[in-house]
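Using the UniProt record's numbering, the first residue of the sequence shown is number 1, and each one after it goes up by one. The C-beta atom is built at its ideal place from N, Cα and C for all residues, glycine as well. Treat the numbers as computed from the prediction; the structure is a model and nothing was measured. Okay, so here's the structure we're looking at.
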Amino acid sequence: MGLVVVGESQVHTPQCRIQKCTTDFVSLTSHLNPSLDGFDTEFCKALRAYSGCTLRTAKSCRGNLVFHSAMLGISDLMSQRNCSKDGPTSSTHPAVSIEPCNYHSRFHHHQAAPTATGAGVPGSPEHARPNFLFCGLFGDPHLRTFKDQFQTCKVEGAWPLIDNNYLSVQVTNVPVVQGSSATATNK
Numbered sequence: 001m002g003l004v005v006v007g008e009s010q011v012h013t014p015q016c017r018i019q020k021c022t023t024d025f026v027s028l029t030s031h032l033n034p035s036l037d038g039f040d041t042e043f044c045k046a047l048r049a050y051s052g053c054t055l056r057t058a059k060s061c062r063g064n065l066v067f068h069s070a071m072l073g074i075s076d077l078m079s080q081r082n083c084s085k086d087g088p089t090s091s092t093h094p095a096v097s098i099e100p101c102n103y104h105s106r107f108h109h110h111q112a113a114p115t116a117t118g119a120g121v122p123g124s125p126e127h128a129r130p131n132f133l134f135c136g137l138f139g140d141p142h143l144r145t146f147k148d149q150f151q152t153c154k155v156e157g158a159w160p161l162i163d164n165n166y167l168s169v170q171v172t173n174v175p176v177v178q179g180s181s182a183t184a185t186n187k
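Written as C-alpha cells, this is what we have:
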C-alpha cells in the first residue's frame with residue numbers, strides 16, 4: 001500500500017506531483033504564440049508530455065481534484081487541437097537550475113550583461129525572464145513549499161504563511177468542528 005507510519009503521529013504517503021506536471025506544462029507553453037507557424041505541433045508535444053507526467057503520478061493522486069481536473073483538461077485540449085495521443089513530447093527538464101528561495105542571486109542572475117558602454121545586452125542569457133515559483137495552501141492546512149515538499153500544520157488562529165522582503169501573507173485557521181484538533185484556513 002505505499003503508506004508508512006513514522007513515529008507516533010506522522011504519516012508518510014507518496015506525494016501527488018500534479019502541480020509539478022502543471023508547472024512543467026505552463027513552462028513549456030508560456031512562450032508559444034498561437035499566431036505563429038508550428039504552434040499546434042509544439043502545443044501538442046507539450047500536451048503529450050503533460051499527459052505522460054499526470055499518468056506517472058496517477059496512483060499517488062487518487063482522489064485529488066486538481067489531478068482529475070487536469071486529466072479532463074488535457075483530454076479536452078487534445079481534442080480541440082486535434083493532437084494524437086502518440087507522438088513526440090517536449091522535454092520537461094529545465095536547462096538552468098536556480099536555488100528557488102535565493103532571491104538575491106536570482107535578481108543578479110537575471111540582470112543584463114554589461115557591455116563596454118555599461119548597457120545590458122538584450123537577448124543574452126543574463127537578460128532572460130526569471131522563472132516564477134509558487135507555493136500552495138489547502139486543507140488542514142497542508143502546505144506545499146517552494147521546494148515541492150508537503151507539510152501539515154495543526155494551527156489555530158492567525159499565522160504567517162509567507163513573510164519575506166517581497167511578500168507577506170497571513171492566514172487564519174479555525175477548528176473544522178467544535179472540539180476537533182483539525183483546522184482549516186478561513187481567511
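For residue 48 and residue 143, I'd like the C-alpha separation in whole angstroms. Taking the sequence shown and counting its residues from 1, one reaches residue 48 at position 48. Taking the sequence shown and counting its residues from 1, one reaches residue 143 at position 143. Approximately 29 angstroms between the Cα atoms of the pair.
Taking all protein chains shown into account, do 16 or more other C-beta atoms lie within 10 angstroms of the C-beta of residue 183, making it buried, or fewer, making it exposed? As a first step, residue 183 must be located in the sequence shown, where it is residue number 183. Per the 10 Å Cβ criterion, buried.
Are there 16 or more other CB atoms within 10 angstroms of the CB of residue 166, so buried, or fewer, so exposed? Within the sequence shown, numbered from 1, the residue matching residue 166 stands at position 166. Exposed, because fewer than 16 other Cβ atoms sit within 10 Å of the Cβ of residue 166.
Name the DSSP bridge partner or partners of residue 158? Here residue 158 corresponds to residue number 158 of the sequence shown, with the count starting at 1. Answer is 172.
Who are the Cβ neighbours of residue 43 in its own chain at under 7 angstroms, not counting the five residues just before and after it? Numbered from its first residue, the sequence shown carries residue 43 at position 43. Result list for residue 43: 29, 32 and 81, in chain order.
Could you tell me if residue 18 is buried or exposed, where buried requires 16 or more neighbouring beta carbons within 10 angstroms of its beta carbon? Looking up residue 18 in the sequence shown gives position 18. Result: buried.
For residue 34 and residue 69, the rounded distance between their alpha carbons: Reading the sequence shown from its first residue, position 69 is the one you call residue 69. Reading the sequence shown from its first residue, position 34 is the one you call residue 34. Going from the Cα of residue 69 to the Cα of residue 34 covers about 24 angstroms.
With H, G and I counted as helix, E and B as strand and the rest as coil, what does DSSP make of residue 58? Position 58 of the sequence shown, counting from 1, holds the residue named residue 58. It is coil, neither helix nor strand.
How many angstroms separate the CA atom of residue 56 from the CA atom of residue 77? Against the sequence shown, residue 56 aligns to sequence position 56. Against the sequence shown, residue 77 aligns to sequence position 77. Roughly 19 angstroms between the two C-alpha positions.
Given that a residue counts as buried once 16 or more other Cβ atoms are within 10 Å of its Cβ, and exposed if not, what is residue 46? For this step, residue 46 is matched to residue 46 along the sequence shown. The residue in question, residue 46, is buried, as its Cβ has 16 or more Cβ neighbours within 10 Å.
From what residue to what residue does the beta strand (DSSP E) around residue 184 run? The residue labelled residue 184 in the question sits at position 184 within the sequence shown. Segment 183-185, the beta strand (DSSP E) holding residue 184.
Taking the alpha-carbon of residue 53 as reference, which of 79, 37 and 26 has the nearest alpha-carbon? By one-based count along the sequence shown, residue 53 stands at place 53. Answer by Cα proximity: 26.
For the alpha helix (DSSP H) containing residue 177, name the first residue and the last one. To locate residue 177, count along the sequence shown from 1; it is residue 177. From DSSP, residue 177 is part of no alpha helix (DSSP H); its letter is neither H nor E.
When we look at the beta-carbon of residue 22 and count the other beta-carbons within 10 Å, is it buried (16 or more) or exposed? Counting from one through the sequence shown, the residue named residue 22 turns up at place 22. Buried: at least 16 other Cβ atoms inside 10 Å.
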